[in-house]
Amino acid sequence: MMKNEKDTFYLVRGDFLPEAMKKTLQVKKDLERGKATSIYEAVQKVGLSRSAFYKYRDAVFPFQAIQQTKIITLFFHLEDRSGTLSHLLDMVAKAGGNILTIHQSIPLNGKANVTVSLDIENLKMDLDELLTRLKQHQFIEKVDVLGSGA
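In our numbering, the protein residues as written are 1028 to 1177.
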């Protein structure tokens, strides 16, 4: 199976990034360091629209942050079937991921949202491969990387 562009990551020199991506990184930095108290305030400060921020926030990261990352938070949109969450967690554990937190919403219309934070230091495969394998399962409708941290 050929990888989807969304599953592939690239290292790109900063001067090649579009201005909106550079500003998105600055907004994230300002929020993280407390230089802005809200997304609205941060985007106003750098001259970026909120829609552009939301478009790029989960797609652009400083290299140092990714390089040092050992914890990642994933968002799943799952079918509400018996054993679905158990199967998902088993897949992550077999890949070497150490599950730190789990939050599941109340299922509505046969679907549930699940957020999982995991330690990926001892993954037996690269993160792209794990995400690809998770997305291949019938009961998983969506997988997104929400964030990462050391």
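The beta-carbon is built from N, C-alpha and C at its ideal position, and this holds for glycine as well.
Here the structure is a predicted model, which means the values were calculated and not measured.
Helix, strand or coil at Gln-1131 according to DSSP, with G and I counted as helix: strand
The region 1048-1063 in contact with the region 1074-1089 per 3-pair CB rule at 8 Å: yes
Touching by the beta-carbon criterion (3+ pairs, under 8 Å), the region 1115-1125 and the region 1142-1150: yes
First through last residue of the alpha helix (DSSP H) which encompasses Thr-1111: 1111-1121
Where Tyr-1083 falls, given that 16 or more other Cβ within 10 Å makes a residue buried: buried
Residues that Asn-1149 bridges to, as DSSP identifies them: Per DSSP, none; premise fails for Asn-1149.
Of the listed residues Leu-1101, Gln-1131, Ser-1113 and Gly-1174, nearest to Thr-1159 (C-alpha basis): Leu-1101
Beta-carbon gap between His-1104 and Lys-1138 smaller than 8 Å: yes
Leu-1127 vs Ile-1167 beta-carbon contact at 8 Å: no
Residues that Thr-1051 bridges to, as DSSP identifies them: According to DSSP, which records beta bridges pairwise, Thr-1051 is partnered with nothing at all.
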